[in-house]
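When the letters of the sequence shown are read in order and numbered with the working numbering, they come out as residues -7 to 292.
Heads up, the beta-carbon is just placed ideally off N, CA and C, and yes, glycines get one too.
Being a predicted model, the structure only gives us computed values, none of them experimental.
Here the structure is laid out as structure tokens; the discussion comes afterwards.
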Amino acid sequence: MRHVVVVGGSLGGLRAAQTLRSEGFDAKLTIISEEKWPAYDRPPLSKQVLRGQWDQDRIVLSGADDDSLGIDWRRGVRAQSLDAGERRLTLSDGSTMSYDGLIIASGARARRLAGTENLREVHSLRTLDDARALRSSLRERARLLVVGAGFIGAEVAASARSMGAEVTLVEPLSAPLARVLGDEMGEIMAQLHRDNGVDLRLGVGVESMEGQDQLRSVVLSDGTMVPADVAVVGIGVIPNVEWLEGNGFDLSNGILCDETTQVAPRIVACGDVARWPNPLFGETMRVEHWEHTIDMAGHA
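As structure tokens, then:
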């Protein structure tokens, strides 16, 4: 192969590119990254970065700015469409790019609540820019409402309390992190949040967010209204697969690949965007986890 293109410049894309180089691939290697920053570690965004304890340099991934790898970084653009038959990508800036091999590592984006698109101070937390915007909004005694008590929601709630915000955490299930930790550990997490001053609302969801242009309050599914200056929505992610449409791929909940990560001849996938057959559970699944992304990127 003379040219391998990696779509996605985060953990999966970078590790796949590094593996290619370490295993002797010395031809042209391009990474297309929608973000303008060098690849960085995302888990600290809801903790050390949000709290202002770490700056950007602290979270840059190893090798993200290593010129010796000979990677042609195309930052600030995204893949707009793919013609797999012609082995050609169209990018968001209108340019096109041909490839011999393609690694799909386009990740996922935060799921948003419908009807809040034009309401200021309704945040998600997926990128460095997201973390910076949220931090600037969490002034002292800001009233923050967090939707969803998974990892992102629970961590944001804890960080915001340490910053002096008044925090309400809304979760439709019976306990925070119940899906991953179970009810018993979930109840321990719930008590930790209560002990630290979080107003925990369990077994309810969000009916609507109110305000003209600026968020003012949130109406819950039990009819109660909670005043809020800022909201964070942590209700999962949507795989970035729209650019792959029209090629006959299975794009339901990510792009389907086989047990070797292959999607089609000369095309592989890895990371949050990839769905693969798990022999243990007898079904295809998508796993959003740091270690899984690293392992899968190496295989890809």
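| Item | Value |
| --- | --- |
| Collapsed DSSP secondary structure at residue 235 in the structure displayed | helix |
| Where residue 81 sits in the DSSP three-state scheme | strand |
| Contact set for residue 108: own chain, Cβ-Cβ below 7 Å, skip 5 residues either direction | 114 and 201 |
| Spatially closest choice to residue 39 from 126, 86, 222 and 105, by CA coordinates | 126 |
| Nearest-angstrom Cα separation, counted from residue -1 out to residue 5 | 7 Å |
| Stretch-stretch touch, CB-based, cutoff 8 Å, three pairs: the segment 229 to 242 with the segment 69 to 76 | yes |
| N-terminal and C-terminal residue of the beta strand (DSSP E) that residue 224 is part of | 222 to 225 |
| Rounded Cβ spacing between residue 161 and residue 149 (contact assumed at less than 8 Å) | 5 Å |
| Closest residue to residue 232 among 57, 55 and 96 (Cα-Cα distance) | 96 |
| Coil, strand or helix - residue 277 by DSSP | strand |
| Among 199, 197, 198 and 182, nearest to residue 191 - alpha-carbon criterion | 182 |
| Beta-carbon proximity of residue 196 to residue 214, cut-off 8 Å | yes |
| Sequence ranges, alpha helix (DSSP H) only - wholly within the segment 108 to 149, length at least 4 | 120 to 129 |
| Identity of the residues DSSP links to residue 39 by a beta bridge | Answer is none; residue 39 lacks a bridge partner. |
| Short Cβ contact (8 Å threshold) for residue 33 with residue 53 | yes |
| Beta-carbon proximity of residue 83 to residue 69, cut-off 8 Å | yes |
| Beta strand (DSSP E) runs wholly inside the segment 181 to 217, at least 3 long, in chain order | 191 to 194, 198 to 202 and 209 to 212 |
| Through-space distance from residue 78 to residue 35, alpha-carbon basis | 37 Å |
| Test item: CB-CB of residue 267 and residue 286 under 8 Å | no |
| Distance, residue 1 Cα to residue 141 Cα | 28 Å |
| Buried/exposed call for residue 204, threshold 16 Cβ in 10 Å | exposed |
| Inter-residue spacing [alpha-carbon to alpha-carbon] between residue 99 and residue 135 | 31 Å |
| CB-CB length for residue 253 against residue 262, believed under 8 Å | 6 Å |
| Same chain, Cβ closer than 8 Å to residue 117, neighbours up to 5 away in sequence not counted | 37, 38, 42, 102, 123, 126, 144, 148, 224 and 226 |
| Pair within 8 Å by beta-carbon distance, residue 282 and residue 3 | yes |
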